[in-house]
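Undergrad: Handing you a structure now.
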Amino acid sequence: MISSFLQGGDAHWLLGTPMFMLCFVAFYVGYVFLSETRRYAMMSYVPAFNLFFAYKASLSLAILLPIVTVVSWTLTRFLSRSVRHRHLWLVATVGLELLPLLWFKFSAPLAILCGFDSATWRVAAAGWGIPVGIGFFTLQAVSYTVDVWRGTFRLRTDLCEYAFYLTFFPLLLAGPITRAGVLIPQLKQRVGWDKEWIYGGLFLLLLGLVKKAAANYLAVFNDWVFDTPAAFSGFENLVAVLGYTIQIFLDFSAYSDLSIGLAAMMGLKLPDNFENPYRSRSLTEFWHRWHISLSSWLRDYVYIPLGGNRRGKLRTCLNCLLTMWVAGLWHGVSWMFFAWGTLHGVGLIVQKLFSHSLNGHSTLSRKTAWRSAGVGQGRTESPALSRKTAWRSVVAWLLTFLFLMCSWVLFRAPAADSAWAMVKQVFTAFDFSMLLPFVTARPLWVLLCVGSLLSVFVGHASFVRLKSRFIRLPWWAKLLCGLLVWQCVQQLGGNDLSPFIYMQF
C-alpha cells in the first residue's frame, strides 16, 4: 500500500478523492501549526507539498514545474531591475515561460503536418505526454512577468513565495488562473483563522463533490452518444448535447469550488471562476460569467494589447477573432478547438456589430433586465419596463443558450465527421415521441439536467444564505451533511471520480 501511495503519475489523484483527502488532512495539521509558529518554514512546507501533489498527478509535471518556477522567477527578477532593454527581457522571459506549453502542445501536430508522420515519431510524441495543468500554471507565470514589467505588481517576492504562488496545489491542475496581485499579498500577511472561512471552504468542498458526481453520472450517456452519434436517434443526440452543456459546467465549476474551498480552509481567498454563466443574455455576458479567470486573462494579456476596441470597428472585430483563436488553441491543437474558437469569435463580432439593433435595450443592467422578466431574487426595480422588454430578455437568453449548445458540439466531438453526424441525426431522425420512453428509462439523468437548468435562475443571495446556514450548523449536523454528500457521490459516481475535463488543458 505504501509503495502504491508513493507511486507517481496516478490518473486518479484528484481533488476530492479519498486518498487526496487523507493526505490533505495530514498536510493541514502541519500547515496550521507552522502558520501559527514558523511562517518561513510554512513558506517552504507548502511548495514541498505542492511538488508532491504534482508528482502524484504527473511525473512530467513534477520535473517541469520546478524548472519553470526557478527560470520564471529569476528572469522576472532581472527584468524588474533592468533599466535598458526591458522589452527584450520581457520577450525572452515570456518566450521561455511559453516554450514548454508550445512544445508539448504544438510539436507533435506540427511535425505530423510537416510530413514527419512516422511510427517512431508517434511513439515518441505519445511518450512525452502533456503535463497535467500546463496551460494553467503557464498563464499564471506569464501574467506575473507582464504585471511586473507593467509595474502593476511591485511587491518584492522571494523564491519561496513565488513557488507557493505558481505551484499552489488547489490551482495546479485546472485553475482558477490566479494573478500574483491576488495571492502573493495574502502570503505576506498572518493567516487569519476564522470559522466562517474554514466552514465556508468546507461547504464549497461538499458542493464541488456533489457537482462532480452529477457530472460523472451525466457523462455516461453523453459519451455513448458523442462517440457513436449515428447509432442514436435525433432526439437522443439533441438530449446528449443538452446533457454535455450541463455536464461541462458541473464538472468545471466543481473543480473551481473544490480549489476555492480548499484555499479558504487555509485562510486564502481565491477569485470566483463562475457566475451563473448559463443565465447570460449575450455571448459577451457569457464570457463575463464563464471561466472568468481565463476570459479576464485573455482580455488583459491578448485582447487589450492587440488594441482592444480602440482602433475602429474592423480592428475590434479582428482582435475578437484573434483572441478567441488563442482561446481555442489554448484548449488544444485541433481543428475542432479552432472551429470552436472561430464560432465564438464570429458570434462576438456579430453581437458587437448588431447588438443595439437586435436588443434595443443595451443600456439595461443584467440584473434589471432579468427582474423585468420576473426572474431572480428581489422585487422588480423598474415597473416602467415594458412586457416587450421582458420578452426580449427571455428570447435573448434562449438564443444565447442555443448558440452555446451548438458550440459545445464542436468542443466535445472527437472529429468534424462526428459533429456533422450529430447535426444530421437531429435534423433527419428526430422523433419527439421518444420523450416519454427516454424519461422513463433515465429518470435520474433527466432530473439532474432539469434541476441544473433550474438552478441557473437561483440568485447569488440564495447561495449566500445557504452557505451561511451551513456555517451556523452544529458540528454533528456538518458531519451528517458530509456523510450524505459522500453517499451521494458513491451512488452517482461510483468508487472513483473520473478526471476533470479541464485537466487535459
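Converting from the sequence shown to the working numbering requires adding 615 to each position, the first position being numbered 1.
We treat Cβ as the ideally placed atom computed from N, Cα and C, and that holds for glycine.
Measure the C-alpha to C-alpha separation of V1024 and I799 and round it to an integer number of angstroms.
TA: Cα to Cα, V1024 sits roughly 39 Å from I799.
Undergrad: Are the beta-carbon atoms belonging to L649 and V686 less than 7 Å from one another?
TA: Their beta carbons are not under 7 Å apart, which means L649 does not touch V686 by this criterion.
Undergrad: Would you check if the stretch 776-787 and the stretch 657-670 touch, i.e. whether three or more CB-CB distances between them fall below 8 Å?
TA: In short, these stretches touch, since the Cβ pair count reaches three.
Undergrad: Report the CB separation of L963 from L1019 in whole angstroms; it is logged as a contact under 8 Å.
TA: Not confirmed; about 13 Å, so no contact.
Undergrad: Quick one: is Y646 buried, meaning 16 or more other Cβ sit within 10 Å of its Cβ, or exposed?
TA: With 16 or more other Cβ atoms within 10 Å, it is buried.
Undergrad: Where does N852 sit, in a helix, a strand or coil, going by DSSP?
TA: If DSSP states are grouped into helix, strand and coil, N852 belongs with the helices.
Undergrad: Here's the rule I'm using: 16 or more other beta-carbon atoms within 10 Å means buried, otherwise exposed. How should Y655 be labelled?
TA: Flag for Y655 reads exposed.
Undergrad: M1020 by DSSP, collapsed to three states: which one?
TA: Correct three-state label for M1020: helix.
Undergrad: Out of L824, R771 and V961, state which residue places its alpha-carbon closest to the alpha-carbon of Q1106.
TA: Residue L824 is the option with its Cα nearest to Q1106.
Undergrad: Can you look up R1084 in the DSSP assignment and give me helix, strand or coil?
TA: The answer is helix: DSSP assigns R1084 an H, G or I state.
Undergrad: Using a 10 Å radius around the Cβ and a threshold of 16 neighbouring Cβ atoms, would you call G991 buried or exposed?
TA: Caution applies to G991, whose pLDDT of 44 falls short of 50 and renders its modelled position unreliable; the model cannot decide the point.
Undergrad: By how many angstroms is the C-alpha of W912 removed from the C-alpha of L786?
TA: When rounded, the distance between both Cα atoms is 15 Å.
Undergrad: Mind checking whether P886 and P1029 have CB atoms under 7 Å apart?
TA: No, these two residues do not count as a Cβ contact at 7 Å.
Undergrad: On the CB-based measure, 16 or more other CB atoms within 10 Å of its CB, does F901 come out buried or exposed?
TA: By the 10 Å Cβ count, F901 comes out buried.
Undergrad: According to DSSP, simplified to helix, strand and coil, what is D838?
TA: The answer is helix: DSSP assigns D838 an H, G or I state.
Undergrad: Taking the C-alpha atoms as reference points, what is the distance between A834 and Y859?
TA: Distance between the alpha carbons of A834 and Y859 is about 7 Å.
Undergrad: Do L630 and L873 have their C-beta atoms within less than 7 Å of each other?
TA: Cβ atoms of L630 and L873: closer than 7 Å.
Undergrad: Could you give the DSSP three-state label for H700: helix, strand or coil?
TA: It is coil, neither helix nor strand.
Undergrad: Whole angstroms are fine: how far does the CA of N888 sit from the CA of H946?
TA: Each residue's Cα considered, the two are about 17 Å apart.
Undergrad: Between which two residues does the alpha helix (DSSP H) carrying Y646 extend?
TA: Start and end: P633 to T652.
Undergrad: What number of angstroms, rounded off, separates the C-alpha of N924 from the C-alpha of A663?
TA: If I take the Cα positions, the gap works out to 44 Å.
Undergrad: Suppose contacts are defined by Cβ-Cβ distances below 7 Å. Is V763 in contact with T691 by that definition?
TA: Yes.
Undergrad: Beta-carbon within less than 6 Å of F721's beta-carbon, same chain only, minus the 5 sequence neighbours each way: which residues are those?
TA: Closer than 6 Å at Cβ, skipping near neighbours: V948.
Undergrad: By Cβ distance, which residues of its chain are closer than 7 Å to T632, with the 5 residues on each side in sequence left out?
TA: Closer than 7 Å at Cβ, skipping near neighbours: L1112.
Undergrad: Near L1124, what residues of its chain come up, given a Cβ to Cβ distance below 8 Å and the 5 sequence neighbours on each side ignored?
TA: As shown, the chain starts at 616 and ends at 1120. That puts residue 1124 outside it, with no answer to give.
Undergrad: Considering only C-alpha positions, which residue in the set L909, I745 and W1035 is nearest to I678?
TA: Of L909, I745 and W1035, the residue nearest in Cα terms is I745.
Undergrad: Between A830 and Q862, which are expected to be in contact by the criterion C-beta below 8 Å, what is the C-beta distance as a whole number of angstroms?
TA: Contact holds; Cβ gap of about 5 Å.
Undergrad: Using the Cβ count rule (16 or more neighbours within 10 Å means buried), how would you classify H959?
TA: Buried, by the Cβ-count rule.
Undergrad: Using CA atoms only, rank isn't needed, just tell me which of A879, I907 and L883 is closest to E890.
TA: Measuring from the Cα of E890, the nearest candidate turns out to be I907.
Undergrad: Using a threshold of 7 Å, state whether the C-beta atoms of K1082 and F818 are closer than that.
TA: The answer is yes: Cβ separation under 7 Å.
Undergrad: Are P892 and M1037 closer than 7 Å when you measure CB to CB?
TA: Contact: no.
Undergrad: Cα separation between R1080 and W1012?
TA: Approximately 26 Å between the Cα atoms of the pair.
Undergrad: Out of curiosity, what's the CA-to-CA distance linking R1084 and L714?
TA: If you take the alpha carbons of R1084 and L714, they lie about 47 Å apart.
Undergrad: For A789 and G750, what's the separation of their Cα atoms in angstroms?
TA: Near 8 Å, if we compare the C-alpha coordinates of G750 and A789.
Undergrad: Return the residue from the list V1041, S659 and V1061 that minimises the CA-CA distance to A778.
TA: For A778, the nearest C-alpha among the options comes from S659.
Undergrad: Starting from W1060 and walking both ways along the alpha helix (DSSP H), at which residues does that stretch end?
TA: Here the alpha helix (DSSP H) through W1060 covers P1058 to S1070.
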